[in-house]
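Counting from 494, one number per residue, gives the positions in the sequence shown under the numbering used here.
Positions of the beta carbon are idealized from the N, C-alpha and C atoms, including for glycine.
What you are looking at is a predicted structure, and each value in this text was computed from that prediction instead of being measured.
What follows is a set of notes on a single structure, which appears directly below.
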Amino acid sequence: MSNEVLALIALLPILVALVLMVGLRWPATKAMPLAWLTAAAGAVLAWSLPVAYVAALTLQGFVTAIGILIIVFGAILILRTLQHSGGMETIQHGMQNITPDRRIQAIIIGYMFAAFIEGAAGFGTPAALAAPLLLSLGFPPLAAAIICLVFNSFPVTFGAVGTPVVLGLKFLAPGVDAAVKAGTPGLNFANMGDFIMLVGQWATLMHLAMIFILPIFMLGFITRFFGPERSWKPGFAAWKFCIFAAVAFTIPYLIFAWNVGPEFPSLIGGLIGLGIIIVGAKKGFCMPKNNWDFGDPAKWDPEWTGSVSADASEFKAHMSQFRAWLPYILIGLILVVTRIPELGLKGMLASQAIKFTSILGFKSVNASIAYLYLPGTIPFILVALLTVLIHGMPADKVKLSWSQAIKTMKNPTIALFAAVALVSIFRGSGIADAALNPHSYPSMPLAMAKAVAAIAGNAWPMVASFVGGLGAFITGSNTVSDLLFAEFQWGVAAQLELPRQIIVAAQAVGGGMGNMVCIHNIVAACAVVGLSGMEGLILKRTIWPFLLYGVVVGIVASLMSFVFLPGLF
């Protein structure tokens, strides 16, 4: 069977999900099981994989989904705990004192606070934390989810203390070493460490334009689709503050990426930038002339709201701002301390795992749940428990917080089990075992990527990031996208005689922008803002900034490859 036919078959599950969720507006709870069934059928009928092997991959996906669901549950529990302790209303009161302008609040929380959390934890954590915070401030749930999903893009390449680059590119080490030993002309790296450093550096430059463009575009997008004026103009009016925020993030972001490595650009950029723009907002620096709001909630479109809507009328402080924010401060501190390998806690927590080996007898199908390393347990659930003491919550309020969080988990559980099982089939379909993969076909994602490469040819730098985005869309992870496609990107670059670190950097950047549209993140974000069942509507909105991002990155990657850097490779 030709690769083109394989690519079309591999595309079918994605098309099923898109048509059902975006076209017919089915909830993910119904659409994703059918998409999984389509992928399973393709694996058995086209790839000739054994039914038992596909079942094992499905079970592997279920185990992985449990880990994601623990993160979602922890984020919802934090929200509910703060709501019932009075801490959230205190935060709302304090945020109103910084500015009541929803545009500026979106930048402070969705753009900058989320960038810091991404740099520390990654793996969907920012949207799970920042979206409920925006919701509690009075944002329509749909707007809160879209803002956090779209802004969770430029920091992702360096998320979780650099995991997508440091871990995601590990399979390239043999190829890098071989190219260096062979004396391949034009290489300007001497080892894998040099190569990773270069990939991180060029990735920052590919993200750079969108770090400035994205906040302005998104504020215009929000006022156009969620504002009482239905106009882009009020959002664009806050452009000065957007530029201010972008500069505050970018300077430390670039300094650390180019001088230290890929571990800290997003974390330090978000942390330093957050402090700078909060002080600037309080002093009125670069602030728009008039405050902007979403208007009377009674006049909101019904599809904007969900089951976790919060009143945004009058806020009062129930405690000090420090005490109210202390749970979030603890979350940030614990994430940093547990994600830096040199401090020792990362290895200790990550080693504590429930392992499932040789699922259904297949040695290659394994899964594990690192229950202490998941952000859902440490810090989310841990901090939720500490908040009971910090905020002095009565027992009935604690019970209500937990019961509401558990109740919210039903729909995302169904959707994520199916979505992650689909991903597991996609990844396992290219196994190098003649007994399981008798035709030696490439994996489903790789078949699609090869088909795109055959069409693109020398225009590959323009589309390379979209392959990374496809990987993130399918797998829900920049890291896994890099693990799937980095070797493929390296091979295409070598075949077309393109600068390899530029093409691999485009892959890493594409994996970051793919977080806007990946089903995992959308389902998780919908869960924490009470919009389960509205995943298709969100995907319909986030696809536009995703396409914009990819076009801009493609132009930058093409210029790097062919115009601006001819002597460096």
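Spatial neighbours of residue i within its chain, please: C-beta separation below 6 Å, excluding the five flanking residues on both sides.
i     : result
P721  : G788
Q897  : R573
E756  : V654 and G655
G1005 : S646, V649, T650 and N971
A908  : A521, T522, M525 and V1016
W751  : Q694
L712  : R596, G728 and A731
S1051 : P954 and M955
L691  : F682 and Q994
M1053 : I995
Between residue i and residue j, what straight-line distance do the alpha-carbon atoms span, to the nearest angstrom?
i    : j     : result
V537 : S759  : 42 Å
K726 : G693  : 35 Å
N814 : T583  : A quick correction: the sequence has Gln, not Asn, at residue 814. Rounded to the nearest angstrom, the two C-alpha atoms are 7 Å apart.
T650 : A666  : 19 Å
A599 : A671  : 47 Å
H586 : G854  : 56 Å
R596 : A637  : 11 Å
V985 : L680  : 16 Å
P708 : T906  : 32 Å
G773 : C779  : 8 Å
P795 : V1022 : 14 Å
N783 : G763  : 26 Å
A947 : G837  : 46 Å
K674 : I924  : 29 Å
A914 : I563  : 17 Å
V547 : A532  : 10 Å
Y866 : R723  : 43 Å
P820 : S922  : 43 Å
L767 : I610  : 11 Å
T850 : A979  : 26 Å
F688 : L1041 : 28 Å
T557 : A696  : 28 Å
Excluding sequence positions up to five away, which residues of its chain have a Cβ less than 7 Å from the Cβ of residue i?
i     : result
T1035 : I639, L642, V643, M1009 and V1010
L1032 : M514, V515, V1010 and I1015
V544  : V537
W818  : I584
W983  : L665, G668, R993 and V997
A624  : A637, A638, C641, A1018, V1021 and V1022
V509  : L527, A528 and T531
Hey, out of the options, whose CA is closest to residue i's CA?
i     : options                    : result
F737  : F749, W751, T716 and I706  : I706
V891  : L991, P593, T716 and L570  : L570
A578  : A987, L976, W895 and A957  : Note that residue 578 corresponds to Ser in the displayed sequence, not to Ala. Nearest option by C-alpha distance: W895.
F808  : M1027, G631, L511 and M605 : G631
A622  : I824, T798, C735 and A914  : Residue 622 is actually Leu in this sequence, not Ala. Comparing Cα positions, the closest option is I824.
S629  : T798, V772 and I559        : T798
G686  : L977, K663, H700 and W695  : K663
Q589  : S844, A558, L627 and Y934  : L627
V1046 : F966, G962 and H932        : G962
DSSP three-state label for residue i, please.
i     : result
K1064 : A question about residue 1064 goes unanswered here, because the residues of the chain that appear run from 494 up to 1062.
S861  : strand
M1027 : coil
L662  : coil
R518  : coil
R595  : helix
P786  : The sequence given here places Asp at residue 786; Pro does not occur at that position. Here D786 sits in coil by DSSP.
G567  : helix
M605  : helix
C1011 : coil
H811  : coil
F919  : helix
A621  : helix
W818  : helix
G854  : helix
I924  : coil
G984  : helix
K674  : helix
N684  : coil
What distance in whole Å lies between the Cβ atoms of residue j and residue i, which are believed to be in contact at a cut-off of 8 Å?
i     : j    : result
A944  : A500 : 4 Å
W793  : T716 : At roughly 14 Å, the Cβ-Cβ gap does not stay under 8 Å, so W793 and T716 are not in contact.
W1037 : L991 : Incorrect: roughly 28 Å between the Cβ atoms, too far for contact.
M902  : F566 : 6 Å
L828  : A613 : 4 Å
A940  : A534 : With 8 Å as the limit, A940 and A534 do not qualify as a contact, their Cβ atoms being about 16 Å apart.
Once you ignore the five residues that flank residue i on each side, which residues in its own chain have a CB closer than 8 Å to its CB?
i    : result
I441 : Only positions 494 to 1062 of the chain appear in the structure, and residue 441 is not among them; the question remains open.
L842 : T831, A863, L865, Y866 and I871
K839 : T831, R832, I833 and Y866
S495 : none
Following a CB-centred definition, is residue i positioned closer than 7 Å to any heavy atom of the ligand MN?
i     : result
N1014 : With respect to the ligand MN, the structure offers nothing, as it holds no ligand at all.
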